[in-house]
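A.B. asks:
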Amino acid sequence: MTAGVKPSRRLGLDLASIRLALSIAEHRSLRRAASVIGISESALSHRLRTLEDVLTVSLFHRSSEGVEPTQAGLIFFDQAREALRVLDLAVANAGAISRGVAGRLTLGLYTSLSTGRLRDALAAYTAEHPEVDLQIVEGDRSQMVEGISSRAIDMAVLLGAPDDKLGEPMPLWRERLHVVLIADHPLATSADIAWADVEGEDFLVSARGAGPEALQLLAARLAGPGRSLATRSHFISRETALSMVGMGLGITLMIESDLGRLPEGVVAVPLASEAGDALVPLTAYRDPGNDNPPLRRFWSLLKSGYVEPSPSLEG
Numbered sequence: 001m002t003a004g005v006k007p008s009r010r011l012g013l014d015l016a017s018i019r020l021a022l023s024i025a026e027h028r029s030l031r032r033a034a035s036v037i038g039i040s041e042s043a044l045s046h047r048l049r050t051l052e053d054v055l056t057v058s059l060f061h062r063s064s065e066g067v068e069p070t071q072a073g074l075i076f077f078d079q080a081r082e083a084l085r086v087l088d089l090a091v092a093n094a095g096a097i098s099r100g101v102a103g104r105l106t107l108g109l110y111t112s113l114s115t116g117r118l119r120d121a122l123a124a125y126t127a128e129h130p131e132v133d134l135q136i137v138e139g140d141r142s143q144m145v146e147g148i149s150s151r152a153i154d155m156a157v158l159l160g161a162p163d164d165k166l167g168e169p170m171p172l173w174r175e176r177l178h179v180v181l182i183a184d185h186p187l188a189t190s191a192d193i194a195w196a197d198v199e200g201e202d203f204l205v206s207a208r209g210a211g212p213e214a215l216q217l218l219a220a221r222l223a224g225p226g227r228s229l230a231t232r233s234h235f236i237s238r239e240t241a242l243s244m245v246g247m248g249l250g251i252t253l254m255i256e257s258d259l260g261r262l263p264e265g266v267v268a269v270p271l272a273s274e275a276g277d278a279l280v281p282l283t284a285y286r287d288p289g290n291d292n293p294p295l296r297r298f299w300s301l302l303k304s305g306y307v308e309p310s311p312s313l314e315g
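Residue numbers for the sequence shown follow full-length UniProt numbering, beginning at 1 and rising by one.
(1) Do ILE148 and GLY246 come within 8 Å of each other at the CB atom, strictly closer than that value?
(2) Using the DSSP secondary-structure output, state which residues sit across from ALA21 in a beta bridge.
(3) Report back the beta-carbon spacing between LEU84 and THR70 to the nearest angstrom; my notes put them in contact at under 8 Å.
(4) Check residue 338 in the structure and name its three-state DSSP category.
(5) Leaving out the 5 sequence neighbours to the left and right, which residues in its chain are closer than 6 Å to TYR285 when beta-carbon positions are compared?
(6) Please report the Cβ distance between SER257 and SER112, rounded to the nearest whole angstrom; I am assuming they are in contact, meaning their Cβ atoms lie under 8 Å.
(7) In terms of DSSP beta bridges, what is ARG104 paired with?
(8) With DSSP run on the structure shown, which of helix, strand or coil describes ALA268?
(9) Between the C-alpha atoms of LEU291 and ALA121, what's the straight-line distance to the nearest angstrom?
(10) Using three-state DSSP, classify ILE37 as helix, strand or coil.
(11) If I follow the unbroken alpha helix (DSSP H) through SER150, where does it start and stop?
(12) For a test of the three-state rule: what should DSSP assign to ALA284, helix, strand or coil?
(13) Going by DSSP, which residues form a beta bridge with ILE182?
(14) Count the other CB atoms, across all protein chains shown, that sit within 10 Å of the CB of ARG9; report buried if there are 16 or more and exposed otherwise.
(15) What's the gap between the Cα of ARG176 and the Cα of LEU271?
(16) If I follow the unbroken alpha helix (DSSP H) through SER243, where does it start and stop?
(17) Is GLY73 helix, strand or coil when you go by DSSP?
(18) Would you say VAL91 and ALA72 are within 8 Å of each other, going by their C-beta atoms?
(19) According to DSSP, simplified to helix, strand and coil, what is GLU256?
(20) Alpha helix (DSSP H) containing residue 318: first to last residue?
(21) In angstroms, rounded to a whole number, what distance separates the CA positions of LEU118 and ASP14?
(22) Take the Cβ of ASP154 as the centre, count every other Cβ of all protein chains shown within 10 Å, and call the residue buried at 16 or more, exposed below.
(23) Specify the secondary structure class of ARG28 as computed by DSSP and reduced to three states.
(24) Which of the three DSSP states, helix, strand or coil, is assigned to VAL57?
(25) What residue range does the beta strand (DSSP E) around ALA156 cover?
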C-alpha cells in the first residue's frame, strides 16, 4: 500500500491522468506536452493538479523554464511506466486470447502425426496462430474421454463413428486400414489384401493407444462368420510394433496416418473386404461447454477445410 494515500482516495486515480503526467515528465513542459497531446495547457494543468491532489504529493517543481519531476515524482513515474506497460500487455494478451490468436490448445491423440489430414490441419493452424501454446496429450480412449470431460483436454480425435455420449462430436474423415508385414512375406507385393488372405496370421496389437480399438473395429467390420482372429497383445509403441513386424514376429494393422516412414524391411498393404477398401472413421470430440477461444478457432478450421462427409462404413 502506497504510504500517504488512503484507499478511498486511490479510487480517484485514472489512467488517462497518469499518462498525461508521464507526457509532461517526458517533455519537461506543460506547454509542449499540451501541444503534443492536443489539449489546452490550462486543461492539462488542471488534470495534473487533480492527480497530485489524489496522490497528496507534488509530482513536479514548477518554474518559468518549465517543470522538473520531484524526487517523489521520479519514483512515481518509474513505477507508473512499468505498471502501464504490464497493464497494456495484459489488455493485449486478453484480446488476443479472446480472438483465439493466443492462449493454449490441448489436443488428445492416439494416432500418429507423421502424416495425414490432422497433421496438415495442425500445421496450418500453428502457422496462422504462432502465439497459441499447442499441447499434445497421448493416451488411450478412456483417458481421452476423461480428459474432455474434465477439460484437461480441449479436443480429442478418436477412431470410430460419432457418439454423443463422449462429448460434442464432429465426424472428420475415414482412413484406410493397412496390413503391415515383413517385406519377404508372400503378401507383401499384393495390391491389396483380403481378410481371407490373412486368416490364421498372428496379429501384433498394441494394448495401449488405438490398438484395442483398431482391433475391435477390424473384427466388427471385416471378420465374417466362421473366421477367427489370432492376436498377441503387447504394451508397446508404434515403433516397437513395427520393429517386431520387421523381425517376422507377426503382422499388424495401422490406419493410413499411422504409417509415416516405415522401417527398412517392412511394407504396408491396403486391407480390403468383399465390399471394397476397409475404411475407419475418425471423429473429433469436445466438451460443448468449453469456450476456449483457440479451441473454437481450431474446431472451425477443421470443420471448414478438412472434414470430408463420408457414407457410413460398410466394408
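No residue lacks a Cβ here, since even glycine has one placed at the ideal position from N, Cα and C.
Computed from a predicted structure; not experimentally measured.
C.D. replies: On the basis of the supplied data:
(1) no
(2) ALA21 pairs with nothing; no bridge assigned.
(3) No, LEU84 and THR70 are not in contact; Cβ-Cβ is about 20 Å, not under 8 Å.
(4) Residue 338 lies beyond the range of the chain shown here (1 to 315); nothing can be said about it.
(5) ILE148, ALA156, LEU166, GLY167 and PRO169
(6) 6 Å
(7) ASP133
(8) strand
(9) For the record, residue 291 in the displayed sequence is Asp; it is not Leu. Approximately 20 Å between the Cα atoms of the pair.
(10) helix
(11) 141 to 150
(12) strand
(13) VAL266
(14) No answer about ARG9 holds up, because its pLDDT of 49 lies below 50 and its placement is not dependable.
(15) 7 Å
(16) 238 to 246
(17) helix
(18) no
(19) helix
(20) Past the boundaries of the shown model lies residue 318; the chain is included only from 1 to 315, so the question cannot be answered.
(21) 49 Å
(22) buried
(23) coil
(24) coil
(25) 155 to 159
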